[in-house]
Structure formats: structure tokens, C-alpha cells
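Visitor: Numbering (this note's numbering), first residue to last: 402 to 480.
Yeah, the Cβ is synthetic: ideal placement off N, Cα and C, and Gly gets one too.
Pasting a structure here, questions to come.
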Amino acid sequence: MVHGQVLDYEEISKAVNWLGGMTLDERRAIPGLEPGREHTLHAGALILERFLFSLHALTCTVSVRGWRHALLENDRYFI
């Protein structure tokens, strides 16, 4: 993931299904995946998918700065 990259809900849903069908060894073989993340990658993708679904959001934007900065940068979405 790259800071500022926009992720589409459909892409995330496909990733959830793809990751859910993989073994831990197959996840370990994903290029660029940090060691140890193979255990949580599918769960994290599933949480993101469900979060977007509950908000009726079609996209989300990757941020390496965390929630506080994301909220400040996107204050137009909050009242």
C-alpha cells in the first residue's frame, strides 16, 4: 500500500476472498508482506471491508499517518 492510494470496495472484497482461500505459507509468499503479518492480513482486510460496508462507502484512502491526520485532512466529511 502507498500513502494516498485509493482502495475500491470491490477490490477489497476480492482481496478478502482471495486471502481467505490461502494458507499461511501462501500468504507468507506474497511479495512485500512483512514477516508475521500473514496471521492478521485476512482479518484486517475483512474488518476494513465490513467497516466500509457499514458506512456505505465505495472507497477509502490509505494513510500512513493514522486516524488523527486522516480526520484532519478530510474534515469536509465531518460536521
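In its own chain, which residues sit with a C-beta less than 7 Å from the C-beta of V463, not counting the 5 before and 5 after it?
Guide: Within the sequence shown, the letter at position 62 stands for residue 463. Within the same chain, V463 has close Cβ partners M402, V403, H404, G405, Q406, L408.
Visitor: From A370 to A430, what distance separates their C-alpha atoms?
Guide: Lying before the first or after the last residue shown, residue 370 is absent from the chain, which here runs from 402 to 480.
Visitor: Identify the continuous beta strand (DSSP E) that holds L408 and give its terminal residues.
Guide: For the purposes of this step, residue 408 is taken as the residue at position 7 of the sequence shown. Counting along the chain, the beta strand (DSSP E) containing L408 begins and ends at 407-409.
Visitor: Just the C-alpha distance for I448 and H470, rounded to the nearest angstrom, thanks.
Guide: As a first step, residue 448 must be located in the sequence shown, where it is residue number 47. As a first step, residue 470 must be located in the sequence shown, where it is residue number 69. Cα-Cα distance, rounded: 20 Å.
Visitor: Please list, in chain order, all residues of the same chain as I480 whose beta carbon is under 8 Å from its beta carbon, the five residues on each side excluded.
Guide: Mapped onto the sequence shown, residue 480 falls at position 79. Confidence is the limiting factor: at I480 the pLDDT is only 49, short of 50, which leaves the residue's position unreliable and the question unanswerable from this model.
Visitor: Can you check whether the CB of L442 is closer than 8 Å to the CB of R451?
Guide: On the sequence shown, residue 451 is found 50 positions in, with the first residue counted as 1. On the sequence shown, residue 442 is found 41 positions in, with the first residue counted as 1. No, the pair does not count as a contact, with Cβ atoms beyond the cut-off.
Visitor: Assign E411 to buried or exposed, taking buried as 16 or more other Cβ atoms, counted over all protein chains shown, within 10 Å of its Cβ.
Guide: By 1-based counting over the sequence shown, the position of residue 411 is 10. Answer is exposed; the Cβ neighbour count stays below 16.
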